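Scroll down for the structure; my scribbles are underneath it.
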Amino acid sequence: MDADAAVDELRALGIEPGDLVALVVGDASLSVAVPTWATNWPVAPADVVGRIDRELGPRWVLWSQATAGALAGHGVRLTRSWDAAAVHRLLFGGWRADPGRIWARLHDLPTADLPAPDPIDLFHQTDDGDPAGPLREDGYLDPEWIDGGWASSPDRMAAWAGVLADVARLQLAAVGDVSARDERPMALRTAYAESTAELLCAELTVGGLPMDRAAMEGRISAYVGPRPRSPQEAVELRDARDEEVLRHVPEGVRFDLRSPSQVRSMLRMVGVEVPDTRAWRLERLRDAHPLVDALLAWRKAERVQTTFGYGWLDENLGPDGRFRGEWSGSDGAAGRMTASAGLHNMPADLRGGVVAEPGHVFVRADLGQIEPRVLAAVSGDRALAAASQADDLYAPVAAELGVDRAIAKVAVLGAMYGQTTGEGGRALAGLRRSYPVAMAYLDAADRAAQVGHDLRTYGGRLVRTGSAALGEPGGPDSIGDREARSQAAARGRYGRNAMVQGAAAELFKVWAVTVRARGRDLDAQVVLCLHDELLVHVPDEHAGAAAAMVDDALQEAAARWAPDRSVRFLSDTAVIPTWADAKG
DNA sequence: TGCGGCTATTG
DNA sequence: CACAATAGCCGCAG
């Protein structure tokens, strides 16, 4: 068996572009399956998969991002996928999406306690006869198969691909049901986009973010000084930093600056009384005592030292100048992308260390006022959609309400977050009058979440608001009435916001995977996704074309995601050498 | 050792 | 300190 024969075998099945083909990858072989057929090919997976992708163009069914990550490690990028874990999260909410859970849900089996691997098995050799298949008699998948046993023989790998093909068939039907039942024909498109976003995440994890080690070390040293040459020197430097604060309190008194309660006591000793020691509160008391200023400076440095210091760099920046975190396509309440290693909360001061490689630049683009525009689209509010035609959406809203732009902005944001007090709260009545459809959409989500009714975003993602996500509505009867009301209100804000943030995340991912696809011919590589911002790494000679492509991709994505085109979406796009460089 | 609280950073 | 997230350290329970 060679790659040619493998491609021919699949071609003979009549696979057309976009057809679902399940893929399971082992060390030295791979298995593929369609609903009526499964096989194992003893060939190097990277060679064959890349060719099939180019020549036949299937939509690869994968258990999860891990398969794409293994292939990306060999330089193979799949074009499109059906990611069973991503589709499971879309259909059923939550985060956990291992094969056992996916299978059980599709077969209406309880998932409260899924079968776990029998610890006794660890002391037995896997039986070579292997009469048992992946399915147990009770209908669950065999946990031993899930836990790596699928890879122990060619027959098992083929059977495992067959299970995956079956999963995709059932998920496809379930997605169709969501579209029909909830009148959201979006769900299939969302499944495609979320799946392909998982491919992008695998590539982000493997490929990393270009970073200049010297430039980043320079920025770190501005906060915490040069890299200590020994553990002993590190301790001395730390003590010296502490002393810069402690010298403002009487001799002989020691406080642990890392303990909030001790910091509060320390401040009280110099006559500064605060309910907590958060920076925004201390900011206003800088003049009260020199200790406050020293403490705030210490906090900044301590933050860099512990979270974004030399250790952070050493752990995550490879010798190839790529900084790597792990990427998830859909985490948390509303299905945003997340990243580890601080990629999503790196202090702005350090961004200058994110530098394009020689002969390359970044195209940086961020969506303007994405959440109110998304609210206009998902709610179908014609007045808000009209406001979205302006470059600055808040300007026409302010004019309509007869208030300052700043007030209009906090009012709109407050409505989406569930704020009821302050200036935003006061302007709420005006919003209800002028944008009743959008406000009713938010209120409906709020009310549903308060009583624990699950929600679905515009794209069809289930947002759980019941016991699994937020604790039982109504809660244990030990809590007081006041606290119960407060919890209900918090649940309402959660649901209200999840509908907007979640839909925004869906649009963003359609944009990101469109850029990924259209960037292929320009050697343009998406290297960072940040909720409403894309960073694309591209050779110098393609910079202009890539910037135009990113803007075009947004219009293409918006047209696919919200086909009625009534809402305008904008991106602010710039070609820059480092991430810190000014936007346009 | 695990977990809630506090804190800081980002969108 | 409204919504979301990651991450580190402290203090406490078990």
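Using the working numbering, read the first sequence as starting at 1 and increasing by one per residue. No residue lacks a Cβ here, since even glycine has one placed at the ideal position from N, Cα and C. Since we're looking at a predicted model, the values are computed, not measured.
Open item on the list: What would DSSP say about Gly329, mapped onto helix, strand or coil?
Closed with: The answer is strand: DSSP assigns Gly329 an E or B state.
Open item on the list: Quick check: the Cα distance between Pro347 and Ala222, rounded to an integer number of angstroms?
Closed with: Distance between the alpha carbons of Pro347 and Ala222 is about 13 Å.
Open item on the list: Let's see if you can read the secondary structure: which residues bound the beta strand (DSSP E) around Ile576?
Closed with: In the DSSP assignment, Ile576 falls within the unbroken beta strand (DSSP E) covering 571-576.
Task: Assumed close pair Ser566, Ala385 - CB separation to whole angstroms, cut-off 8 Å - done: About 4 Å; that satisfies the 8 Å criterion.
- [ ] Assign Trp60 to buried or exposed, taking buried as 16 or more other Cβ atoms, counted over all protein chains shown, within 10 Å of its Cβ.
- [x] Result: buried.
TODO: Taking Glu251 as part of the beta strand (DSSP E), name the residues at either end of that continuous run.
DONE: The continuous stretches of beta strand (DSSP E) do not include Glu251, and DSSP gives it neither H nor E.
Open item on the list: Tell me the DSSP secondary structure of Val451 in three-state form.
Closed with: Secondary structure at Val451: coil, using DSSP grouped into helix, strand and coil.
Task: Beta-carbon contacts of Asp477 that lie in its chain and below 8 Å, excluding the five residues immediately before and after - done: Any answer about Asp477 is weak, because its pLDDT of 48 lies below 50 and its placement is not dependable; what the coordinates show is given next. Correct list: empty, nothing qualifies.
Task: Opening and closing residue of the alpha helix (DSSP H) in which Asn497 lies - done: Run containing Asn497: 481-518, per the alpha helix (DSSP H) assignment.
Open item on the list: Using only the alpha-carbon positions, how far apart do Asp22 and Ser81 sit?
Closed with: Inspection of the sequence shows that residue 22 is occupied by Ala rather than by Asp. Here the C-alpha atom of Ala22 lies approximately 9 Å from the C-alpha atom of Ser81.
Open item on the list: Just to confirm my understanding: we take Val158, look at its own chain, exclude 5 residues before and 5 after, and list those with CB closer than 6 Å. What are they?
Closed with: It is Ala, not Val, that sits at residue 158 in the sequence shown. Excluding residues within five positions, the ones whose Cβ falls inside 6 Å are Ser31, Ala38, Thr39, Asn40.
TODO: Sort out for me which residues DSSP pairs Trp37 with in a bridge.
DONE: Val34, per the DSSP bridge assignment.
- [ ] Rounded to whole angstroms, what's the CA-CA distance from Val361 to Thr573? Just pull it up for me.
- [x] Their Cα atoms are separated by approximately 13 Å.
- [ ] Return helix, strand or coil for Trp60, following the three-state DSSP convention.
- [x] In the three-state reduction of the DSSP assignment, Trp60 falls in the strand class, which pools E and B.
Open item on the list: Just to confirm my understanding: we take Ala547, look at its own chain, exclude 5 residues before and 5 after, and list those with CB closer than 7 Å. What are they?
Closed with: Around Ala547: Val363, Thr573, Val575.
Task: Residues near Pro185 by beta carbon distance below 8 Å, same chain, minus five either side - done: Cβ neighbours of Pro185 within its own chain (closer than 8 Å, five residues either side excluded): Ser179.
- [ ] List the endpoints of the continuous beta strand (DSSP E) containing Gln525.
- [x] Counted as a single uninterrupted DSSP element, the beta strand (DSSP E) harbouring Gln525 occupies residues 525-529.
Task: Cα-Cα separation between Glu556 and Leu534, rounded to whole angstroms - done: Near 16 Å, if we compare the C-alpha coordinates of Leu534 and Glu556.
TODO: Could you check the C-alpha separation between Gly129 and Thr196 for me, to the nearest Å?
DONE: Note that Gly129 has pLDDT 49, beneath the 50 cutoff, so the model's placement of it is unreliable and the number below is only indicative. Straight-line measurement puts the Cα of Thr196 at about 38 Å from the Cα of Gly129.
Open item on the list: Whole angstroms are fine: how far does the CA of Gly148 sit from the CA of Gln125?
Closed with: Note that Gln125 scores a pLDDT of 48, beneath 50, so its modelled location is shaky and nothing firm can be said.
TODO: Using the Cα positions of Arg493 and Asp443, report the straight-line distance between them to the nearest angstrom.
DONE: For the pair Arg493 and Asp443, the Cα-to-Cα distance works out to about 9 Å.
Open item on the list: Considering Cα atoms alone, identify which of Gly18, Asp523, Gly318, Val500 is closest to Gly544.
Closed with: Ranking Gly18, Asp523, Gly318, Val500 by Cα distance to Gly544 puts Asp523 first.
Task: Residue range of the unbroken alpha helix (DSSP H) whose run includes His360 - done: Annotation for His360: no alpha helix (DSSP H) segment contains it, though the beta strand (DSSP E) segment containing it runs 360-367.
Task: Own chain residues within Cβ distance below 7 Å of Ile15, not counting five before or after - done: Closer than 7 Å at the Cβ level, and outside the excluded window around Ile15, lie Val21, Leu56, Pro58.
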